[in-house]
Amino acid sequence: MKTSNSNKADISQAFNSVRQRFAEGLPQRAAAMLATVQQKSSDAMLREIIAESHKLSGACGTFGYALLGAMARQIEQLAQAIKAKAEQEQEQAIPELIHLVQEFDIEAAQVTAAILQNTASSEQLLVTKNSIWLLLDNVALTDEITEQLHGFGMQVEFFTNFTSCVKRLTKDTPLILFSAVTLANGESLFEQKLLLNMLVKQQVRLMVLAKTDSFATRIQAAQLRAEAFFCLPLDVPEIITQISELLDYSITNAGRVFIVDDDKLLAEHHALVLAEIGIETRINANVEHIIEEIMSFQPDLILMDMYMPDYSGAEIAGLLRQYRSLKRLPIVFLSSEMNKALQIRAMSHGADDFITKPIDDIQLAQAIKVRLARSLQLKNLIEKDGLTSLVRHAAIKDAAEMEFLRVERTGKPLGIVMLDIDRFKTVNDTYGHATGDLVIASLATLLRKRIRKTDRAGRYGGEEFLLVLPDCNTEQAKLLTEQILAAFSGLYFNAKDQQFNCTFSAGVVSSGDDNFANAAQMIAAADKAMYQAKESGRNRVLHWQPPASN
Numbered sequence: 008m009k010t011s012n013s014n015k016a017d018i019s020q021a022f023n024s025v026r027q028r029f030a031e032g033l034p035q036r037a038a039a040m041l042a043t044v045q046q047k048s049s050d051a052m053l054r055e056i057i058a059e060s061h062k063l064s065g066a067c068g069t070f071g072y073a074l075l076g077a078m079a080r081q082i083e084q085l086a087q088a089i090k091a092k093a094e095q096e097q098e099q100a101i102p103e104l105i106h107l108v109q110e111f112d113i114e115a116a117q118v119t120a121a122i123l124q125n126t127a128s129s130e131q132l133l134v135t136k137n138s139i140w141l142l143l144d145n146v147a148l149t150d151e152i153t154e155q156l157h158g159f160g161m162q163v164e165f166f167t168n169f170t171s172c173v174k175r176l177t178k179d180t181p182l183i184l185f186s187a188v189t190l191a192n193g194e195s196l197f198e199q200k201l202l203l204n205m206l207v208k209q210q211v212r213l214m215v216l217a218k219t220d221s222f223a224t225r226i227q228a229a230q231l232r233a234e235a236f237f238c239l240p241l242d243v244p245e246i247i248t249q250i251s252e253l254l255d256y257s258i259t260n261a262g263r264v265f266i267v268d269d270d271k272l273l274a275e276h277h278a279l280v281l282a283e284i285g286i287e288t289r290i291n292a293n294v295e296h297i298i299e300e301i302m303s304f305q306p307d308l309i310l311m312d313m314y315m316p317d318y319s320g321a322e323i324a325g326l327l328r329q330y331r332s333l334k335r336l337p338i339v340f341l342s343s344e345m346n347k348a349l350q351i352r353a354m355s356h357g358a359d360d361f362i363t364k365p366i367d368d369i370q371l372a373q374a375i376k377v378r379l380a381r382s383l384q385l386k387n388l389i390e391k392d393g394l395t396s397l398v399r400h401a402a403i404k405d406a407a408e409m410e411f412l413r414v415e416r417t418g419k420p421l422g423i424v425m426l427d428i429d430r431f432k433t434v435n436d437t438y439g440h441a442t443g444d445l446v447i448a449s450l451a452t453l454l455r456k457r458i459r460k461t462d463r464a465g466r467y468g469g470e471e472f473l474l475v476l477p478d479c480n481t482e483q484a485k486l487l488t489e490q491i492l493a494a495f496s497g498l499y500f501n502a503k504d505q506q507f508n509c510t511f512s513a514g515v516v517s518s519g520d521d522n523f524a525n526a527a528q529m530i531a532a533a534d535k536a537m538y539q540a541k542e543s544g545r546n547r548v549l550h551w552q553p554p555a556s557n
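Residues in the sequence shown are numbered consecutively from 8, following the numbering used here.
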C-alpha cells in the first residue's frame with residue numbers, strides 16, 4: 008500500500024503530537040517517582056520504583072530520549088540491587104537511589120522545556136529573558152545592584168521574603184535568582200523546599216549571599232546547584248560580572264564539535280547524536296581544506312577518526328598544531344584501536360584524548376559533553392580576564408588574526424576597534440581602585456551586551472579594550488562604537504557621596520581601508536586613531552585614515 012504525501016504528513020504530525028504529550032507528562036511522572044523514593048525504605052517503595060523506572064526506560068527510548076532512557080535503566084538496576092540487600096544495607100544505599108532519581112527529575116524538566124520552548128500555550132509561564140530577581144533582605148545592596156543592572160538594560164524585581172517569591176514563580180520565570188541564605192527573620196533558603204523545587208523545574212539559575220564563608224554553607228549551596236557564592240563584605244563589580252556571565256551562558260549552546268571522518272554516514276550519525284544534546288556540529292567536507300573550515304566554524308573540540316585512507320588522524324592533528332591559534336583546540340581521537348601503546352603514540356602528535364570504539368550513542372554523547380565542559384572551563388580560565396570576563400590580550404589578538412585569515416579567504420570586511428576609558432587615572436585617584444574596577448567591569452558588561460554573537464571583545468590592557476567585528480565595514484563599526492559610547496556615558500557611578508560618569512575614546516579601522524598585511528597592522532591603525540581621538544578632546548570615535556600618498 009502506497010502512502011500519499013499528505014498521509015505521510017498527517018502521520019508525522021500525529022507522531023509529533025504523541026511525542027509532545029509524552030514530553031508534557033514527563034515532569035509529573037518524574038516528580039511522582041521522586042516523591043515515592045523519598046518515602047521510608049520498604050519493599051513496596053522499591054517495587055514501585057522498579058516498575059515505574061522500567062516503564063520509563065522503554066518509553067523514553069521509544070520517543071527518542073535516549074539519555075533519559077539510560078538514566079531510568081540505571082534507577083531500575085540500582086533499585087533491584089538494593090531490594091536484594093539486607094534491611095540495614097538497604098538504608099545505606101537509598102541515598103544513592105534518591106540522587107539518581109533527582110538527576111532524572113532535573114533532566115526530564117530540561118527535556119520538556121526544550122521540546123515545548125517553541126509551542127505557543129496560554130498555560131505556559133512567561134520567561135522574561137533579561138529578568139533578574141533579588142531576594143537579599145538588604146535595601147541598600149538591592150538598590151545598588153538594581154541601579155547597575157538597569158544601566159545594562161536588564162529587568163530587575165526584588166522580594167523581601169521567600170513566600171512572595173514563590174507566589175511570583177507561579178506566574179513568571181526569571182533567568183537568575185540572587186538570594187540571601189538567611190533572612191533577618193531567621194528563615195533559611197536551605198529549608199525552602201517548594202521554592203527550591205520550583206527553581207529547578209523552571210530552570211532558574213541560583214546565586215546566593217551568605218553572612219559568613221564556611222565549608223558547610225558552601226557545600227549546602229552546591230547541593231542546591233548554586234552557581235555563584237558571595238559573602239560579606241560584598242564586591243559589587245564581581246556580582247554584576249557573575250550575573251552577566253550567567254545571562255550569557257543561558258543563551259549559548261552546549262558547544263561546537265568539528266567531526267573528521269572519511270566514513271560520511273558514520274560522521275552524520277555522530278553529528279545527530281551530539282545534536283540531540285544541544286551540541287552544534289560540522290563535518291569536514293574536504294580534509295585538504297580543513298584549516299579554512301575550522302577557521303570558519305571556530306569549534307570548541309575536534310572529534311577525529313584515527314585511521315583514514317589518505318591521511319591518519321595523527322598526521323592531521325600534527326598539521327593543526329602548526330597553527331598558533333589552534334594549539335589549544337582539544338582533539339579527541341575516536342577509534343577501535345585497543346593497543347594502549349599505539350593510542351599513546353597517536354596522542355603524542357597533539358591529540359588530547361582517546362575514545363575507544365565500539366561505544367554506544369549515549370556514552371559517546373556524555374563523553375563528548377564532559378570533555379567539552381572541561382575544555383570550555385579551562386579555556387575561560389586561561390583566556391578570560393578575572394575582572395571583566397572578557398578574553399585577555401593574547402586571546403583577542405589571536406581572534407583578530409583568525410578573522411583576518413577569514414577576510415583573505417572570503418573577501419568580507421573586518422572591523423577592528425580600539426577604545427580606552429578617558430581620564431581613568433583621575434577616577435582611581437579620586438574615588439579609589441575599587442570604584443575604578445567597577446567602571447571597567449561596567450564597560451566590559453556593556454560591550455558584551457551590545458556586540459553581536461559573532462563579534463569578540465577583549466581587555467587589551469588596563470582600561471583599554473579591543474573589539475573584533477567580522478563582516479563589519481568602517482561605517483558599521485563606527486556606528487556600533489558610537490552607540491556603545493552613548494550608553495556608557497549615560498551610566499552613573501556613586502562613590503564618596505558623589506555621582507559621576509565616564510566616557511571613552513575609540514579608533515576604528517576596517518580591512519578595506521588599506522592594504523593591510525595582517526591583523527597586527529589593523530590593530531596598530533585602530534590604536535593610532537584612538538590616540539587621535541584623545542588628542543581631539545576625548546569622548547569620541549574616530550575612523551583611521553591612511554597616510555596621504557605622495
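C-beta atoms are modelled at their ideal positions from N, C-alpha and C, and glycine is treated no differently.
Is C67 helix, strand or coil by DSSP?
helix
For a test of the three-state rule: what should DSSP assign to H277, helix, strand or coil?
helix
Under a Cβ-count criterion, where at least 16 other Cβ atoms within 10 Å of its own Cβ denotes burial, should S138 be classed as buried or exposed?
buried
On the CB-based measure, 16 or more other CB atoms within 10 Å of its CB, does S60 come out buried or exposed?
S60 sits buried, since 16 or more C-beta atoms from the chains shown fall within 10 Å of its C-beta.
Going by Cα to Cα distance, which pick from G393, T461 and P181 is closest to G468?
G393
Note down, one range per segment and in chain order, each alpha helix (DSSP H) of at least 4 residues found wholly within the region 379–458.
400–417, 431–438 and 440–457
How many whole angstroms separate the CB atoms of L454 and A441, which I take to be in contact at a CB cut-off of 8 Å?
Contact doesn't hold; Cβ gap of about 21 Å is too wide.
By Cβ distance, which residues of its chain are closer than 8 Å to Q109, with the 5 residues on each side in sequence left out?
L41
Are P34 and T119 touching if we call contact CB-CB under 8 Å?
yes
Cβ of L276 within 8 Å of Cβ of I266?
It should be pointed out that residue 276 corresponds to His in this sequence rather than to Leu. Contact flag unset, no.
Based on Cα-Cα distance, which residue from R331, A348, S332 and I309 lies nearest to L341?
I309
Look at the alpha carbon of A77 and the alpha carbon of D150, and state the distance between them as a whole number of angstroms.
47 Å
List, from N- to C-terminal side, the alpha helix (DSSP H) runs of 4 residues or more that fit wholly inside the region 477–533.
481–496
To the nearest angstrom, how far is it from the Cα of R416 to the Cα of M302?
10 Å
Let me know the alpha helix (DSSP H) ranges lying completely inside the region 44–115, each 4 residues or longer, listed in chain order.
50–69 and 73–90
Closer than 8 Å, CB to CB, is T437 near chain C or not?
Among the protein chains of the structure shown there is no chain C, as only one such chain exists.
On the three-state DSSP scale, how would you describe H356?
coil
Proximity winner among I458, L333 and E98, relative to E408 (alpha-carbon distances)
Of the listed residues, the one whose Cα sits closest to E408 is L333.
Three-state secondary structure assigned by DSSP to G599:
What the structure shows of the chain is the stretch from 8 to 557, and residue 599 is not part of that stretch, so it cannot be assessed.
Taking DSSP as the reference, what is the three-state secondary structure of A37?
helix
Measure from the alpha carbon of A380 to the alpha carbon of each residue in L412, P337 and A406, then state which is nearest.
P337
Considering Cα atoms alone, identify which of Q505, N508, V434 and L421 is closest to L474.
L421
Let's see if you can read the secondary structure: which residues bound the beta strand (DSSP E) around L549?
From DSSP, the beta strand (DSSP E) with L549 extends over V548 to H550.
Can you list, in chain order, the residues of its chain with a C-beta nearer than 6 Å to that of A532? Leave out the 5 residues immediately preceding and following it.
V516 and W551
Tell me which same chain residues have a C-beta within less than 7 Å of the C-beta of A353, skipping the five on either side of it?
M313, G320, A321 and F340
According to DSSP, simplified to helix, strand and coil, what is D220?
coil
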